[in-house]
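Residue numbers (full-length UniProt numbering), protein chains in the order written: chain A, 1 to 395; chain B, 1 to 339. Don't be surprised by glycine CBs; every beta carbon is placed ideally from N, CA and C. Taking it in order: structure first as structure tokens, then the write-up.
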Amino acid sequence: MTSTFDVPTGTPTPPVRTVASRPSPVAAGLTEAQVEELGRRLDAIRDRVVADRGQRDADYIHSVIRTQRYLEVGGRALLFAGILPPAWVAGTAMLSASKIIENMELGHNIMHGQWDWMRDPKIHSSTWDWDNTSPAEAWKYTHNYEHHTYTNVVGRDRDVGYGILRMSDEQQWRPYYLFNPLWNALLATFFQWGVALHDLEAEKIAAGEKSLRSVWPQLKAIGRKVRRQFTKDYLVFPALAGPFFLPVLTGNATANLVRNLWSHAVIFCGHFPDGAVQFSEEQLDGETRGQWYLRQMLGSANLEGGPLFHLMTGNLSFQIEHHLFPDLPSNRYAEIAPEIRAICAEYGLEYTSGPLWRQYAQVLRTINRLALPPRKGTAPEPTALTPEPAPPLAA
Amino acid sequence: MFKALVALTTPLLPEDYLSLVDPLWSTTELRGRVVGVRRETDRATTLTIRPGRAWTGHRAGQYVRIGVDVAGVRHWRTYSLSGPEGEADLTITVQALPDGLVSRHLVDATPVGSIVRLEQAAGDFVLPSPVPAKLLMVTAGSGITPVMSMLRTLGAHPDVVVLHSAPTAADVIFADELAARPGTVVRHTTEHGRLDLAELDALCPDWRDREAFVCGPAGLLDAAEEHWGEARARLHLERFTPPVRSTGGAGGTVTFGDRDVEVDGGASLLEAGEEAGVLLPSGCRMGICFSCILPLRDGQVRDLRTGEIHGEPGDMVQTCITGATGTARLDLRPAEENR
Ligand SMILES: Cc1cc2nc3c(=O)[nH]c(=O)nc-3n(C[C@H](O)[C@H](O)[C@H](O)COP(=O)(O)OP(=O)(O)OC[C@H]3O[C@@H](n4cnc5c(N)ncnc54)[C@H](O)[C@@H]3O)c2cc1C
Ligand code: FES
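Below is the structure:
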């Protein structure tokens with residue numbers, strides 16, 4: 001990796017050391033001027049894609065919507081014949097795929113406003129609702145606002161651990177975290193519930209910081225969503241199948257489970273594999289646009305795979321690109337990824353990426369490691385931050 | 001029954017699945033399918049549109065707002081209905097402007113089978129009832145469309161004088177139908193010059209006794225208002241001119257609900273609104289979370305990031321990255337229940 005930069009200290013840009021935490025993006029070895037230049041280059045990429053949005057993108061989202069609906073209708077129809085094992089397997093697979101696409105490529109991305117530019121009220125962040133126990137409005141707040149604004153800032157980004165897990169060395173160890181792996185398995189299994197509780201800040205209620213009363217309206221909203229999903233998947237569709245009640249019920253339950261496990265895996269691989277950096281609250285002070293970009297870039301990790309894999313992850317396999325530009329149409333992330341990767345290389349920044357199995361294994365390892373209290377004197381020593389480079393010259 | 005169906009499709013609506021079969025089966029969005037395309041002139045095309053069941057019909061002379069996707073983006077424009085009252089399908093006749101976004105799309109790139117969004121017919125450029133005994137129609141260019149709806153509805157009404165202008169013979173929309181009507185004068189303006197309303201005395205000496213309908217370019221309408229003067233009560237005008245657009249100057253007055261707020265050049269609508277004490281939703285304040293969107297009622301706004309001026313009624317505006325340019329009105333949303 002060669003640097004084309006004129007670093008004021010005269011030394012080549014050091015590569016980023018993949019530690020769990022560091023105090024400031026400047027620690028990535030860039031000068032303030034370089035960080036701002038990086039920001040301008042990323043803005044230019046954004047502007048270019050925004051100006052180019054058009055028919056091709058509209059056709060894409062329309063076709064994904066159509067595909068998802070056909071998959072759902074087909075899957076549910078097949079499950080009515082679910083007494084026959086091949087029909088059950090095929091129906092459940094189709095319904096699972098439908099729920100995954102509905103959750104990730106549609107719900108997640110549409111509620112990010114990625115398709116608002118089409119001005120179609122049916123495909124708009126302000127109107128879209130998803131087949132999930134987390135109400136759209138609450139999710140937009142915790143995800144779009146909290147997570148995407150304060151990405152990987154321990155203490156501000158509640159996606160770090162979802163209020164349940166210890167995902168960072170910066171989180172104080174408690175005996176409760178001995179069960180980190182168990183909590184994670186439960187979270188994966190009931191992921192949509194985890195997300196709903198996450199929106200509720202349930203851990204704050206448990207800690208007495210928030211009253212149950214104050215979250216009553218939210219609880220009611222979640223209750224409504226839960227009731228509707230339950231009625232649909234566990235009552236009405238099974239009942240319609242009459243004597244085949246059970247295969248339909250188990251098929252629907254399996255599809256919900258598959259969707260939970262899959263979305264949990266993809267989402268955890270977005271920020272917790274080795275190489276994804278976490279940040280401390282101090283560095284939010286006076287953060288510039290360039291520094292914000294840098295934080296998004298260093299805090300996220302990509303997954304490698306083919307076009308179908310990317311679709312099934314809702315293009316969150318391009319987590320880095322998504323975090324830089326959360327409102328660009330998801331089908332564009334694959335297109336700009338090579339450019340972002342090249343920019344990272346140029347600035348000597350880590351572009352964390354790998355196959356799902358490897359990234360997920362790393363996530364699980366971290367979860368296991370963090371279950372135990374930190375042992376003094378052993379690597380990695382998270383709070384021992386890399387020395388700051390020579391103070392950057394004023395831009 | 002509907003509720004039971006919704007239980008099957010939640011969080012979507014039954015129509016979201018039924019649209020896979022037929023997009024017209026929507027109860028939340030009135031839609032239409034183009035079932036006929038007829039070229040009228042080089043620049044004008046008549047579209048026959050079969051509306052969804054909620055369509056309540058139109059009165060001769062009224063217009064309809066149509067939502068069309070061009071390059072993936074929904075645009076709304078207004079077109080007069082050119083067909084007679086009482087027809088099940090509706091027709092509009094669109095004349096393409098040289099650099100017109102929607103008109104060119106409708107004229108050149110809207111094949112049979114296309115789906116459009118519709119609103120119910122509206123407008124008071126309509127025949128009084130009972131229909132007056134003597135009528136005068138003065139039209140130019142595409143201004144003939146609402147009048148054609150009236151003529152088609154009236155059928156063989158005994159006494160209608162039609163004075164229509166178009167640049168050349170080739171530009172006359174509905175030329176054959178007009179030629180077949182007694183009492184019709186068609187003027188080719190490149191050859192004979194624009195109609196001067198002073199000529200009315202010669203072309204239609206009893207024009208003061210007639211209920212008059214005028215539709216065409218702004219110049220013609222202004223001249224008519226002046227010419228009729230005292231007799232204005234008998235004069236009906238329809239303006240095709242689009243709503244006034246912002247000129248681009250930064251800053252302006254933005255109305256949030258019923259509060260007027262002065263917004264200066266650099267400020268975002270969110271900052272200025274909050275400053276003035278309006279309760280506004282917000283989140284990241286940098287354009288990424290979409291917590292702050294409000295629907296635009298009218299006027300236009302400026303994207304503070306690109307400087308681009310945009311806005312059509314109904315657009316969703318991200319107030320944290322949007323500034324004012326001229327006047328605009330935003331609707332307030334009820335406070336979010338879970339903040
Ligand atoms: C009540 C009403 C009824 C109408 N009925 C018809 C009809 O029956 N047939 C028909 O062809 N049109 C009709 N129009 C006009 C139509 O709504 C559009 O304004 C027109 O088609 C241009 O839209 P566009 O998207 O192609 O142009 P845009 O892309 O919006 O504009 C292109 C250029 O043309 C200018 N422009 C836009 N509209 C007009 C206009 N109306 N007059 C002068 N300049 C304009 C713009 O300033 C711009 O420079 C009607 C308008 C109204 C308000
Ligand atoms: S406040 Fe987040 S987009 Fe405007």
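Taking 8 Å as the CB threshold, A/Tyr347 stays off the interface with chain B.
Linking B/Leu18 to A/Ala77 through their CA atoms gives a straight-line distance of about 15 Å. Residue nearest to A/Gln278 within the set A/Trp128, A/Leu38, A/Asp159 is A/Asp159 (criterion: CA-CA distance). Distance from the C-beta of B/Phe290 to the nearest heavy atom of ligand 2 is below 7 Å.
Identification of chain B residues near A/Arg53 by a Cβ-Cβ cut-off of 9 Å yields Ala71, Gly72, Val73, ordered along the chain. When distances are taken from the beta-carbon of B/Ser282 to the heavy atoms of ligand 2, the shortest one is below 7 Å.
Along the segment 13-24 of chain B, the positions whose C-beta sits under 8 Å from a C-beta of chain A are Asp16, Tyr17, Leu20, read in chain order. Scanning chain A for C-beta atoms nearer than 9 Å to the C-beta of B/Thr78 yields nothing, as the closest lies near 17 Å away.
Of all C-beta pairs linking the segment 37-47 of chain A to the segment 286-304 of chain A, three or more are shorter than 8 Å, placing the two stretches in contact. Think of a sphere of 9 Å around the beta carbon of A/Ser126: the chain B residues whose beta carbon falls inside it are Phe290, Ile293, Pro295, Met316, Arg333, in chain order. The shortest C-alpha to C-alpha distance from A/Ser98 to any of A/Ile110, A/Gly91, A/Gln68, A/Ser126 is the one to A/Gln68. Interface annotation, B/Ala109: not in contact with chain A, CB-CB separation never under 8 Å. In the DSSP assignment, A/Asp59 falls within the unbroken alpha helix (DSSP H) covering 55-80. At least one heavy atom of ligand 1 lies less than 7 Å from the C-beta of B/Arg104.
Collapsing the DSSP output to three states places B/Ser82 in coil. With respect to A/Ile222, A/Pro85 sits apart: the two C-beta atoms are not nearer than 8 Å. With fewer than 16 other Cβ atoms inside 10 Å of its own Cβ, B/Glu226 counts as exposed.
If the five residues before and after A/Trp173 are omitted, its C-beta is found closer than 6 Å to the C-beta atoms of Pro373, all from its own chain and listed in chain order. Residue environment: A/Phe230 is assigned as exposed (fewer than 16 neighbouring CB atoms within 10 Å of its CB, all protein chains considered).
The Cβ of A/Ala58 sits closer than 8 Å to at least one Cβ of chain B.
Ranking B/Leu151, B/Gln62, B/Thr46 by CA distance to the CA of B/Val94 puts B/Thr46 first.
Taking C-beta atoms as the reference points, B/Leu136 and B/Trp207 count as a pair closer than 8 Å.
In the structure shown, the three-state DSSP call for B/Glu199 is helix.
Taking C-alpha positions only, B/Gly123 is separated from B/Arg65 by approximately 11 Å. DSSP places A/Asn184 in the helix class (H, G or I) of the three-state scheme. Residues of chain B with a Cβ closer than 9 Å to the Cβ of A/Met118 are, in chain order, Asp69, Gly72, Val73, Arg74. Short note on B/Asp42: C-beta not closer than 7 Å to any heavy atom of ligand 1. Among the residues facing chain B, A/Trp130 is included, as its CB has a counterpart in that chain under 8 Å away. About 6 Å separates the CB atoms of B/Thr325 and B/Ala250; that is less than 8 Å, so the two are in contact. Taken through DSSP and simplified to helix, strand or coil, B/Phe2 comes out as helix.
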